[in-house]
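Read through the structure below, which is laid out as structure tokens, and then see the notes.
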Amino acid sequence: MHEVSIALGMVDELSRIAGENNAKKITFVKLKIGKMSGIVTDSLKFAFDAIKLEHPLLSSAEIFINEVPLMYQCNDCDYTFETDDIYFPSCSKCNAYNLKLISGEEQHIESVEVEV
Ligand SMILES: [Zn+2]
């Protein structure tokens, strides 16, 4: 499962953040995940909740995932729209394929709350 390796990477990154801040534990983690990333947010949350139990620093960390919609702007008519089509999106106004990605590729930690 792809999400398990992402959760493991998160744990590494969060341990590093905790170390840098001399934190006793991490209490809250907010993630930003775009639709385009292909990550199943429920699976990621499940994987993280399982893995965190092995890490005293993270065992009480709550995770919140901010899902970012896939949005494009049409280069032909300037129309901005949201879509679920990650493979062959076209403008929902003029059907052009000449599009610019505005959001949906995000895959990062947005904020972390720690207890020191
Ligand atoms: Zn258009």
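Numbering (this note's numbering), first residue to last: 1 to 116. Beta carbons: idealized from backbone N, C-alpha and C, even for Gly.
Quiz item: What residue from L31, F48, N95 and T80 has the CA that sits closest to F64's CA?
Solution: As a first step, residue 64 is located in the sequence shown; it is residue number 64 there, counting from the start. Of the listed residues, the one whose Cα sits closest to F64 is L31.
Exercise. Under 6 angstroms from any heavy atom of ligand 1, by CB: list those residues in chain order, please.
Key: C74, D76, C77, Y79, C91, K93, C94 and A96
Quiz prompt | Test item: CB-CB of P69 and E54 under 8 angstroms | solution = Reading the sequence shown from its first residue, position 69 is the one you call residue 69. Reading the sequence shown from its first residue, position 54 is the one you call residue 54. In this structure, E54 does not lie closer than 8 angstroms to P69 by Cβ.
Quiz prompt | Identity of the residues DSSP links to C74 by a beta bridge | solution = Locating residue 74 in the sequence shown gives position 74, counting from the first residue. For C74, which the question treats as bridged, DSSP gives the partners L99.
Quiz item: According to DSSP, what are the bridge partners of T80?
Solution: For the purposes of this step, residue 80 is identified with residue 80 of the sequence shown, where counting begins at 1. Answer is Q73.
Quiz item: So, is P56 buried or exposed, given that buried needs 16 or more other C-beta atoms within 10 angstroms?
Solution: Counted from its first residue, the sequence shown places residue 56 at position 56. So P56 counts as exposed.
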